[in-house]
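Asker: Sharing a structure, written as structure tokens. Questions coming.
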Amino acid sequence: MSDRTRTGAPESVRTRAVGGALVVTIDRPRARNAVDADVARGIAAAVDRLESEPGLRVGVLTGAGGTFCAGMDLKAAARGEEVTVPGKGFAGLVEAATAKPLIAAVEGHALGGGFELALACDLVVAAEGASFALPEVRRGLIPGGGGAVRLPKRVPHHLAMELLLTGRAVTAARARDLGVVNRVTPDGRALSAALELAEEIAANAPLALAAVKRTVRRADGVPEPEAFAAQAAEIGALLRSADFAEGVRAFTERRAPEWSGR
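In the numbering used here, each number is its position in the sequence shown, counted from 1, plus 1.
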């Protein structure tokens, strides 16, 4: 049984488990992996699988054929196709409150909604030849999948405004300098580097990984006392968990921990 059948994902989205990582590949290379209704539903199904299967600890999102994603498929939109998913937003991801870490593995173009998909991930690995842009203003629009919301939180205000107001593309190296990209790899190596990062993350306690994501989200834009109170609640729950007890035992016994997720 193929992974696509297991997730219920359309043929335009492929999934495969690699250790504790779920690799999600947008597979419409002739359309530069632009997002149509099938892609949106496929990514949403993959996110659901990632969240529901305990053995999967990290998601890796990438594109087939040397391109990450060229954003919304304008032809599909003109046909009236729905490229958002209720509760998850554009492409079935940009508004999803995922508990497990997500890594974008970017080769080639990440344009418009493609850049927004990368911004929706927790980490970004990009090949040297990758480029990032939010060109919506050149078409009379603004980014609607989180670009105008998230980019100013990732990079200094004036630099974010330059990209948003000009629609100009930046290289992977420049995106790394801005703090949008974690690692830059040779072309063709973004996915393998992302999987190495995923393996490192997946070795950690799943409850703690989810708590990190919740704490960071809750701290966004709230007063520090409120953020610290939310953090204290997360730490209190972790201290009572079986995983914390296992982590302490493993440390004292000088062995790798065996996480139960409880």
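Here a beta-carbon is modelled for each residue, glycine too, at the ideal position from N, C-alpha and C.
Going by beta carbon distance, what residues of the same chain come within less than 8 Å of Asn34, once the five residues before and after it are set aside?
Answerer: The residue labelled residue 34 in the question sits at position 33 within the sequence shown. Only Ile27, Asp28, Val40, Gly64, Ala65, Gly66, Thr68, Phe69, Cys70, Ala71 and Gly115 meet the Cβ criterion.
Asker: Take every Cβ of the region 119-128, pair it with every Cβ of the region 146-163, and state whether three or more of those distances are shorter than 8 Å.
Answerer: yes
Asker: Using a threshold of 8 Å, state whether the C-beta atoms of Val138 and Leu103 are closer than that.
Answerer: For the purposes of this step, residue 138 is taken as the residue at position 137 of the sequence shown. For the purposes of this step, residue 103 is taken as the residue at position 102 of the sequence shown. No. Outside cutoff.
Asker: Check whether the Cβ atoms of Val25 and Val59 sit closer than 8 Å, and answer yes or no.
Answerer: Taking the first residue of the sequence shown as position 1, residue 25 is located at position 24. Taking the first residue of the sequence shown as position 1, residue 59 is located at position 58. For Val25 and Val59, no; Cβs fall outside 8 Å.
Asker: At the level of alpha carbons, what is the spacing between Leu239 and Ala209?
Answerer: The count along the sequence shown starts at 1 and reaches residue 239 at position 238. The count along the sequence shown starts at 1 and reaches residue 209 at position 208. When rounded, the distance between both Cα atoms is 7 Å.
Asker: Roughly how many angstroms separate the alpha carbons of Asp49 and Ile236, rounded to a whole number?
Answerer: Taking the first residue of the sequence shown as 1, we reach residue 49 at position 48. Taking the first residue of the sequence shown as 1, we reach residue 236 at position 235. About 26 Å.
Asker: Looking at Ala191 and Ala98, is the spacing between their C-beta atoms short of 8 Å?
Answerer: Locating residue 98 in the sequence shown gives position 97, counting from the first residue. Locating residue 191 in the sequence shown gives position 190, counting from the first residue. Result no, Cβ atoms of Ala98 and Ala191 do not sit closer than 8 Å.
Asker: Rounding to the nearest angstrom, what Cα-Cα distance links Ala212 and Asp221 in this structure?
Answerer: Along the sequence shown, one-based indexing puts residue 212 at 211. Along the sequence shown, one-based indexing puts residue 221 at 220. In this structure, the CA atom of Ala212 is about 14 Å from the CA atom of Asp221.
Asker: Per DSSP, what kind of secondary structure is Gly67 in: helix, strand or coil?
Answerer: Taking the sequence shown and counting its residues from 1, one reaches residue 67 at position 66. Coil.
Asker: Just verifying my parser: in three-state terms, what is the DSSP assignment at Ser3?
Answerer: Residue mapping note: residue 3 aligns to position 2 of the sequence shown, counting from 1. The pLDDT assigned to Ser3 is 47, lower than 50, so where the model puts this residue is not dependable; a value taken from the coordinates is nonetheless given after this. Ser3: coil per DSSP, three-state reduction.
Asker: How big is the Cα-Cα spacing for Gly147 and Leu112?
Answerer: Residue mapping note: residue 147 aligns to position 146 of the sequence shown, counting from 1. Residue mapping note: residue 112 aligns to position 111 of the sequence shown, counting from 1. Their backbone Cα atoms lie some 13 Å apart in a straight line.
Asker: Please classify Pro30 as buried or exposed, where buried requires at least 16 neighbouring CB atoms within 10 angstroms.
Answerer: Locating residue 30 in the sequence shown gives position 29, where the first residue counts as 1. It counts as exposed.
Asker: Comparing alpha-carbon positions, which option in Glu201, Thr186 and Gly20 lies nearest Ala173?
Answerer: Start at 1 with the first residue of the sequence shown, and residue 173 comes out as number 172. The closest CA to that of Ala173, considering only Glu201, Thr186 and Gly20, is found on Thr186.
Asker: Could you name the residues that DSSP lists as bridge partners for Thr85?
Answerer: The count along the sequence shown starts at 1 and reaches residue 85 at position 84. For Thr85, which the question treats as bridged, DSSP gives the partners Phe91.
Asker: When DSSP builds the beta bridges, which residues end up paired with Met73?
Answerer: By one-based count along the sequence shown, residue 73 stands at place 72. The partner list for Met73 (beta bridge, DSSP) reads Val36.
Asker: Once DSSP output is grouped into helix, strand and coil, what is the label at Ala97?
Answerer: As a first step, residue 97 is located in the sequence shown; it is residue number 96 there, counting from the start. Coil, per DSSP.
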